[in-house]
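Chemist: Next up is a structure, given as structure tokens.
There are 4 protein chains.
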Amino acid sequence: MFSAAILGCAGYTGQETLDRLLAHPGLEAVALGSDSLAGHPASALDPRLDGDLPAFVTNAEAADSGSDVIFLCAGHEAAAAFEPPAGAVVVDLSPAHRLRDADTARAWYGRAPGAWSYGLPELWPPDGPLVASPGCYATAALLALGPLAGGLEGAIVDAKSGVSGAGRTLRDSSHAGAVLENLAPYAVGEHRHAPEIAQQLGFDVCFVPHLLPVRRGLLATCYVTFPGDAREVLEAAYASSPVVRVLDEGVAPAIGRVQGTDAAEIAVFTDRATGTTIVVCAIDNLGKGAAGQAVQNANLVLGLDETAGLRLNGVLV
Amino acid sequence: MFSAAILGCAGYTGQETLDRLLAHPGLEAVALGSDSLAGHPASALDPRLDGDLPAFVTNAEAADSGSDVIFLCAGHEAAAAFEPPAGAVVVDLSPAHRLRDADTARAWYGRAPGAWSYGLPELWPPDGPLVASPGCYATAALLALGPLAGGLEGAIVDAKSGVSGAGRTLRDSSHAGAVLENLAPYAVGEHRHAPEIAQQLGFDVCFVPHLLPVRRGLLATCYVTFPGDAREVLEAAYASSPVVRVLDEGVAPAIGRVQGTDAAEIAVFTDRATGTTIVVCAIDNLGKGAAGQAVQNANLVLGLDETAGLRLNGVLV
Amino acid sequence: MFSAAILGCAGYTGQETLDRLLAHPGLEAVALGSDSLAGHPASALDPRLDGDLPAFVTNAEAADSGSDVIFLCAGHEAAAAFEPPAGAVVVDLSPAHRLRDADTARAWYGRAPGAWSYGLPELWPPDGPLVASPGCYATAALLALGPLAGGLEGAIVDAKSGVSGAGRTLRDSSHAGAVLENLAPYAVGEHRHAPEIAQQLGFDVCFVPHLLPVRRGLLATCYVTFPGDAREVLEAAYASSPVVRVLDEGVAPAIGRVQGTDAAEIAVFTDRATGTTIVVCAIDNLGKGAAGQAVQNANLVLGLDETAGLRLNGVLV
Amino acid sequence: MFSAAILGCAGYTGQETLDRLLAHPGLEAVALGSDSLAGHPASALDPRLDGDLPAFVTNAEAADSGSDVIFLCAGHEAAAAFEPPAGAVVVDLSPAHRLRDADTARAWYGRAPGAWSYGLPELWPPDGPLVASPGCYATAALLALGPLAGGLEGAIVDAKSGVSGAGRTLRDSSHAGAVLENLAPYAVGEHRHAPEIAQQLGFDVCFVPHLLPVRRGLLATCYVTFPGDAREVLEAAYASSPVVRVLDEGVAPAIGRVQGTDAAEIAVFTDRATGTTIVVCAIDNLGKGAAGQAVQNANLVLGLDETAGLRLNGVLV
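Protein chains in written order, with numbering that gives the first Met the number 0: chain A, 0 to 316; chain B, 0 to 316; chain C, 0 to 316; chain D, 0 to 316.
Encoded structure:
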């Protein structure tokens, strides 16, 4: 049994990571870090958490807990400033360590990259103990386009995300009065996830995110000109994946079917009028787009069963 | 005061058309047609409708009411079979008369087109007493792209619509259990609104609609390569429009601000990474996308104030 | 034409009050007060507001604008500290001046009441230029129970409100992630609106509010033992009201039908098993529950048409 | 390993029961009955179901499959007409066998009751192989009030349920256009779940259900006059329950925390003004309110671990 610490455990991705560890046969949460909840019992975060869990400690204390694995569920500034303890596996769920190009990293996050590997298990498994876990938008776009990238010169990615993608922090745009019965694009033409997608694909993409009136879930509709049989390529890429399902012809991905899970759904279509290849990917932004993938990355680095602790089963309506 | 009949008054677009007529200074609803509600008082449709309105009659009776204007809010088969009374203005809200090309019309709707003009007031005002009022998806896409069409060779239109766009008829896909906390594309690569958009723009578009968990409202995100200043063209096109508002730079359209209205919001962006021009349009699918535009078309044909009866004012949160 | 100033115009109730004044034939908004938006054009609040409106000023400046009517859309502390200008009509939408009993007012709001009259037009029309406009929960409960109060000894009021009832201020409980797919009661057994309801009815009520995943709208289900024919009493009470509609037997009020309006729906039922009288009232918390009622109160004090500026027509689906 | 057949597997409760069996260590779904899907593979119901499951058969074939357990997820007419195979455990999720009094059963369901025991495990564990599993509303009301019943003479139960409570069948009231941004009570004063609650409590209750704009989840707010310490009684009743959690003082149940689970949350409050005891219970209508409880009942009858297959863990946000 490996031990794990979660830093930023009171946020959405922290709570979701804890959720996965509660069901994990090989990883045990021994330190719950939260500067705002330090000193309180686990139930202070959620009444479902009970006395078997340790009380919250500060993030610094959690980092010093000597845990085998550290999940960084903090903001990117805190993650960038974090000094990995020697010997520990660290999985960073923030964007701090995702960009490899020094200039790009500085332009978007004000700092140079370090010795972190980008870990999207199905396409780019983590390579070393320091793992930059992909963003939710990048995960969906890359699962859809990564296997096709060699044949592409560009892509349009129209993405739609539930409100939990913006975190638990209070913002005008996350106020339910602004979310319900609404839909709007944001950061149009300049979202910080675009360079992350471009880095992995090898070409620039036009990426536009929209905020959906759903609690969790993300769908990316990707438009490309692909010279081959995209379905064949994608089916081959994910044939043995326990996480990514390529749907039968004519079936479209749906957020409702991946919500609350760490699975992904992908479908491929050809536009009748223009021949455009349309690849659609649905994930849960907090699952495959965050906590589920972080645990999957940790499993791979530690040599555990890749899907241990993940939420992959069930057919809830 | 002109008299008006509504056929298919018990559906969403019929009820919304009636809503506009209730506030119209120059058009009075004198015949409410509904084969399912015939014989019942107006309040059978909605308790807010009271004794000042006539009782429901059959659609055939409403058609024979001698009204100056007939709003066809029925399905496209019924609309296609409809024989316009001599001298009447007829505004068809169904897709039955929108396609001009005989082959295309037959392929999608099983019939040849007739002497109907396509009526999108800001771009193609109705020309004659028989008006085919545009579909909701087409309205949003065309308002966004119509003024730019001369400089375009293609377009990707990623559209998202509230559930009322599919009408009041019961379908699995409109069941709230399938809509809430969900989002999925549908009819990918082969939606019947694509030819309508292509006909008016003069080139094929790749059009993908998605079903949103909102009651009403529609947003189209359009991706094009445009050789000029798209903002300048769009601002000029709608400078004097009381219906379409081109937003200031950096402000994105939002369904929430047009919901329940007959207005449209448009914004233009340039993608930082790829230079793609992104034009976004938000409307209410039942307002500018259906009943509001139908009444606007009727106003133009009758020589009334273009916006009489429309819902254009107010700043509801 | 009377002139009006709105203090706290950037909040939900302020924006809604402005909405009503934009359509008002006898009241013109001449001063838009907001300490956060002072100096900005009206469009800074909402792109739908254009150049015909004055720019925002501070609340103090708005108060000093010499307007005939002042709408206080601020928090209760600011409202309590407000000094009404001589000769002005002031309608306070906050709870600051609603409680008449000095001890109760001090216990809940830390201050004694003043020379303000409670203004619920259908039951207790305002009496003088200083009007305490009722809260949204109180409005629904009182419209349901007020006419029956003489025959009652107590009541249980189970109320459900949309999220806009908590205002535009950011709170954990208003975060969309906490609202969507959720429902929970709050302030159970001790909500500050209970004394307001009790004061007007003359007896204590057991009042429990719940937060609904809807943007706007409020429904109160009231349980009482009433010795007479409650339907008859309520129908008589509202027979001539242009605002309150008592529904036919068997028809239940619905938030969807009053949303975005200043109307109220009431229905009466008798429980088959226990004989309990159930009175249900639906309003829009921002309409009849706030801005609509405030303007209605102002109309009455100024001698204008009671419903001028109100949103009462239409049958939007 | 026991074998199980599900009749009506294509409905909400059938799919949810299958979901529980997929994770069950001691019960295996060997026959999936659905008259509409018979002959199709399991994936026809949901793409997440794959080749390891048997194809759908008719309900009659599923009933004849010789399974150890039969879950009746059909309508109450079909359930009433069902002849239990000798030796089989049958858990009926419909209301057909819940009422013991012949007259009451005939009045509400047109038939006399049989040799079925009512199975609400925490209060009235099943007694024999034929189990009538409680309705969702009854489950919430009874968990809240059952332990207090001896001290009560009546109760008001104001309940709010997500739309899946009405099943997958298409109805006007389940259309998303009627559900979103809406709330309304229904069947006021005469809901068929009221007699079921009354039967178990021993006195009549005033029960009013409301339809919530949420996909799944149910909350019952119960108002009673209780002569003792209700909290103490409820805490004692559920002290050892792995399913029902009595929350700490001041914490209110929330649908969001039980959604997708088979757990229940209960809280007790005393109204400051009137002394009324308020007991609130939240469950998932498809979980503890249907499939979870049905499997829990089957586990008890079969002598398996009571919570095998249930969804009880996790702290999803």
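By construction, the Cβ of each residue, glycine as well, lies at the ideal position given by its N, Cα and C atoms.
1) Keeping to the same chain, check which residues put their C-beta closer than 8 Å to that of A183/A; ignore five residues upstream and five downstream.
2) Determine the burial state of T16/C: buried for a count of at least 16 other Cβ atoms within 10 Å of its Cβ, exposed for fewer.
3) Are L233/B and P120/B closer than 8 Å when you measure CB to CB?
4) How about I265/A and I155/B: are their beta carbons less than 8 Å apart?
5) Compare the beta carbon distance of R167/C and R256/B with 8 Å and say whether it is the shorter of the two.
6) Taking Cβ to Cβ, would you say I277/B is nearer than 8 Å to G188/A?
7) State the beta-bridge partners of P124/B as determined by DSSP.
8) Name the residues in the stretch 144-162 of chain B whose C-beta lies less than 7 Å from a C-beta of chain A; which are they?
9) The beta strand (DSSP E) with P208/B in it runs from where to where?
10) Considering only DSSP beta bridges, list what E82/A is partnered with.
11) Name the chain B residues whose beta carbon is nearer than 9 Å to that of N181/A?
12) Rounded to the nearest angstrom, what separates L303/C and G25/C at their Cα positions?
13) Which residues in the same chain have their Cβ closer than 8 Å to the Cβ of A186/C, if we skip the five residues on either side of it in sequence?
14) For the 8 Å Cβ check, are there 3 or more pairs between the stretch 120-140 of chain B and the stretch 217-224 of chain B?
15) Could you name the residues that DSSP lists as bridge partners for R244/D?
16) At which residues does the beta strand (DSSP E) containing C221/B begin and terminate?
17) Anyone know if the C-beta pair for A61/A and L31/A falls short of 8 Å?
18) I'd like to check one pair, P125/A with G118/A: are the Cβ atoms closer than 8 Å?
19) Any beta carbon of chain C sitting closer than 8 Å to that of A22/B?
20) Taking contact to mean 3 or more Cβ pairs, one atom from each stretch, closer than 8 Å, check whether the stretch 84-98 of chain C and the stretch 289-299 of chain C are in contact.
21) With distance defined between alpha-carbon atoms, name the residue in G216/B, T275/B and I5/B nearest to S163/B.
22) Whole beta strand (DSSP E) runs in the stretch 20-71 of chain D with 3 or more residues, listed along the chain?
23) Report yes if the CB atom of A9/B is closer than 8 Å to the CB atom of L44/B, and no otherwise.
24) I believe F225/C touches L151/C by the beta-carbon criterion, under 8 Å. Please report the beta-carbon distance rounded to the nearest angstrom.
25) Give the DSSP bridge partners of Y280/D, in chain order.
26) Under 7 Å between beta-carbons, which chain C residues line up against N312/B? List them in chain order, please.
27) Which first and last residues belong to the beta strand (DSSP E) in which V90/D is found?
28) Please work out which residues of its chain come closer than 6 Å, Cβ to Cβ, to N58/C, disregarding the five sequence neighbours upstream and downstream, and give them in chain order.
29) For R271/A, go through chain B and note every residue whose CB falls closer than 7 Å to its CB, in chain order.
30) Quick check: the Cα distance between D261/A and L52/D, rounded to an integer number of angstroms?
31) Who pairs with H174/C in a beta bridge, going by DSSP?
32) Is the distance from the Cβ of F1/D to the Cβ of L301/D below 8 Å?
33) Answer with yes or no whether the minimum CB distance from F268/B to chain A is below 8 Å.
34) Can you tell me whether G201/C is buried or exposed? The criterion is at least 16 other CB atoms within 10 Å of its CB, across all chains shown.
35) What are the start and end residues of the beta strand (DSSP E) that includes V130/D?
36) Taking N284/D and S160/D to be in contact with their CB atoms under 8 Å, please state how far apart those CB atoms are, rounded to whole angstroms.
Modeler: According to the structure shown:
1) H209 and L210
2) buried
3) no
4) no
5) no
6) yes
7) None, per the DSSP bridge assignment.
8) G153, I155, D157 and K159
9) V204 to L210
10) Note: E82/A sits in no beta bridge, so no partner.
11) V213, G216, A253, I254, G255, R256 and Q258
12) 7 Å
13) P208
14) yes
15) E264/D
16) L217 to V223
17) yes
18) yes
19) yes
20) yes
21) G216/B
22) 26-32 and 68-71
23) yes
24) 6 Å
25) At residue 280/D the sequence reads Cys, which differs from the Tyr that was named. A219/D and I265/D.
26) L21 and A22
27) V88 to D91
28) L6, G32 and D34
29) G188 and E189
30) 22 Å
31) H174/A
32) yes
33) yes
34) exposed
35) L129 to A131
36) 5 Å
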